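Take a look at the structure set out below.
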Amino acid sequence: MHQLTEREIRSSFVNCSRGEAERANLPDGLETLPWESLDFLGWVDPKSPQLAYVVVARDDGVLGIRLRRNASGSGRARMCSLCCTVHPANGVSLMVANRAGRAGRDGNTVGVDVCSDLRCSGYARGWAPTPVVSLLEETTTPEQRVDRLLVNLETFLRRVQR
0 MHQLTEREIR SSFVNCSRGE AERANLPDGL ETLPWESLDF LGWVDPKSPQ
50 LAYVVVARDD GVLGIRLRRN ASGSGRARMC SLCCTVHPAN GVSLMVANRA
100 GRAGRDGNTV GVDVCSDLRC SGYARGWAPT PVVSLLEETT TPEQRVDRLL
150 VNLETFLRRV QR
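Residues 0 to 161 in numbering that gives the first Met the number 0 are what the sequence shown spells out, letter by letter.
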């Protein structure tokens, strides 16, 4: 992923108002993030932890979505729907995005179970330590895991844009 500016990020959101995008608290140190190791920029709002954001640089431009985060978990291990990493208890959160456009303004939403810390790129690429929940080991290569992450992310983004 290439480095994004604050303006690019704020103007990319398709499922919230301009005011909500302007009020979003961006992650600290944008210019020092390991952009080349990210498949998407994802963060939990540090001042409003019930909000999270995902921004993706695609061939047709930058796309961002705002998510509402349900931080309470079931207490059981769950798997992220994007990177397929299994986490204990609260390591995965249900995140809900309003659909883009009129559908979202009418209250239609799309939900997905995602790593609570949104470090899916790190888990897929192997630079973030994966939680030990099971004795089973992933048998795919990092490249295959990244490909799977990108397909799952694109599927979710298309559902939000519908």
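Idealized CB from N, CA, C, for every residue including glycine. In this text, all values refer to a predicted model and were calculated from it rather than measured experimentally.
Please return the same chain residues whose Cβ sits closer than 6 Å to the Cβ of residue i, not counting the five positions on each side in sequence.
i, result
"D105", "none"
"T74", "It should be pointed out that residue 74 corresponds to Gly in this sequence rather than to Thr. For G74, where only same-chain residues beyond five positions count, the Cβ hits under 6 Å are A88."
Which residues does DSSP list as the beta-bridge partners of residue i?
i, result
"L42", "Checking the displayed sequence, the identity of residue 42 turns out to be Trp instead of Leu. In the DSSP output, where bridge partners are listed per residue, W42 has Y52."
"V113", "S92"
"H86", "R77"
"R67", "L50 and V95"
For residue i versus residue j, is the C-beta spacing smaller than 9 Å?
i, j, result
"R67", "A88", "no"
"R147", "V109", "no"
"L152", "F12", "no"
"L117", "V53", "yes"
"I8", "G63", "yes"
"N97", "R57", "no"
Could you pull out every residue in the same chain whose Cβ sits closer than 7 Å to the Cβ of residue i, ignoring the five residues on either side in sequence?
i, result
"R121", "The identity of residue 121 in the sequence shown is Gly, whereas the question assumes Arg. Excluding positions up to five away in sequence, the list reads A127."
"T129", "T84 and Y122"
"V145", "D38, A123 and R124"
"A99", "V13, N14, V159 and Q160"
CB-CB under 8 Å to residue i, same chain, minus the five flanking residues each way: which ones, in chain order?
i, result
"W42", "L25, P26, A51, Y52 and L117"
"V45", "Note on identity: in this sequence residue 45 is Pro, with Val being the wrong assignment. These residues qualify, in order along the chain: N24, P26 and D27."
ask   = Okay, do the stretch 26 to 33 and the stretch 138 to 156 touch, 3+ Cβ pairs below 8 Å being the bar?
value = no
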